[in-house]
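Enquirer: Got a structure here, written out as structure tokens. Questions coming.
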Amino acid sequence: MSTTASARARRLVVGLTGASGAVYAVRLLARARELGVRTHLVATPAGVLNAHHELGLDRKALEALADQAHAPGDVGACVASGSFTTDAMVVAPCSMKTLASVAHGLGDNLLTRAADVTLKERRRLILMVRETPLNLAHLRNMVAVTEMGGIVFPPLPAFYNRPASIDDLVADTVERVLALCGLEDARPQEWRGLGEAGRS
């Protein structure tokens, strides 16, 4: 992290939308807390609905996982301004609707406004997009976000580490995302080459 970041509490904005994979946001929030990173959560109504369906969590339980939670309609929240310094923002998971809003700079709710702020301030924005198969609009929106400096990170599992469970897959993906956020204490599993893999 930079000297400025190390002089204050590290801050991570986490967005949660209605795409499948709410577990990624939950694990990101938990892991960030373990690493001493302050989190700001913005969960859309569809994101909360999906977290309840997939994990049995309501909005209150979700918000308890973050240091601070913001309503998606609260466009006056601190994360809506570039003067509020953050280290990165992750949308986990990111729906195609949210991807489109970010790609076209709509800023139509606090989550997409915070993403827009992250891009304009040249900070790291990671979108864990969830959809398959992809149509041309999806692909063009991913290109647009990439051209603006964002990182499109579909949560595709790595099998070369021989995961034993879904939990292993989720954990490794989350560590990779945190490393992309610039957190040196994140611990994604490295590929050490076939020789090392054969001896493990």
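Residue numbers (this note's numbering): 129 to 328. Beta carbons: idealized from backbone N, C-alpha and C, even for Gly.
Tell me which residues share the same chain as H168 and place their Cβ nearer than 6 Å to its Cβ, disregarding the 5 neighbours each side in the sequence.
Expert: Counting from one through the sequence shown, the residue named residue 168 turns up at place 40. Cβ neighbours of H168 beyond the five flanking positions: V141, Q196 and V207.
Enquirer: Please name the residue, chosen from R304, A220 and R159, that lies closest to E170 on a Cα-to-Cα basis.
Expert: Counting from 1 along the sequence shown, the entry for residue 170 is found at position 42. Going by the sequence as given, residue 170 is Val instead of Glu. Comparing Cα-Cα distances from V170 to each of R304, A220 and R159, the minimum goes to A220.
Enquirer: Using the Cα positions of G184 and V176, report the straight-line distance between them to the nearest angstrom.
Expert: Counted from its first residue, the sequence shown places residue 184 at position 56. Counted from its first residue, the sequence shown places residue 176 at position 48. Between G184 and V176, the C-alpha separation is close to 10 Å.
Enquirer: Please confirm if the segment 268-285 is in contact with the segment 242-259, defined as three or more CB-CB distances below 8 Å between the two stretches.
Expert: yes
Enquirer: Tell me the residue span of the beta strand (DSSP E) that contains L253.
Expert: On the sequence shown, residue 253 is found 125 positions in, with the first residue counted as 1. Looking at the DSSP string, the run of the beta strand (DSSP E) that includes L253 is R252 to V257.
Enquirer: Taking 8 Å as the threshold (C-beta atoms), are T301 and S329 in contact?
Expert: Residue 329 cannot be examined here, being either before or after the span of the chain that is shown, 129 to 328.
Enquirer: Of the residues R166, V273, A153 and E303, which one's Cα is nearest the Cα of A189?
Expert: Numbered from 1 along the sequence shown, position 61 holds the residue referred to as residue 189. For the residues R166, V273, A153 and E303, the minimum Cα distance to A189 belongs to A153.
Enquirer: Residue ranges of each alpha helix (DSSP H) run of no fewer than 4 residues wholly in the segment 142-188, ordered along the chain?
Expert: The qualifying runs are 150-162 and 173-183.
Enquirer: Would you tell me roughly how many angstroms separate the C-alpha atoms of A292 and L156, rounded to the nearest one?
Expert: Stepping through the sequence shown from its first residue, residue 292 is reached at position 164. Stepping through the sequence shown from its first residue, residue 156 is reached at position 28. Those two C-alpha atoms are separated by around 20 Å.
Enquirer: Tell me whether A242 sits in a helix, a strand or coil according to DSSP, three-state version.
Expert: Your numbering for residue 242 matches position 114 in the sequence shown. Helix, per DSSP.
Enquirer: Name the two residues that bound the continuous alpha helix (DSSP H) containing H266.
Expert: As a first step, residue 266 is located in the sequence shown; it is residue number 138 there, counting from the start. For H266, the uninterrupted alpha helix (DSSP H) run begins and ends at L264 to E275, by DSSP.
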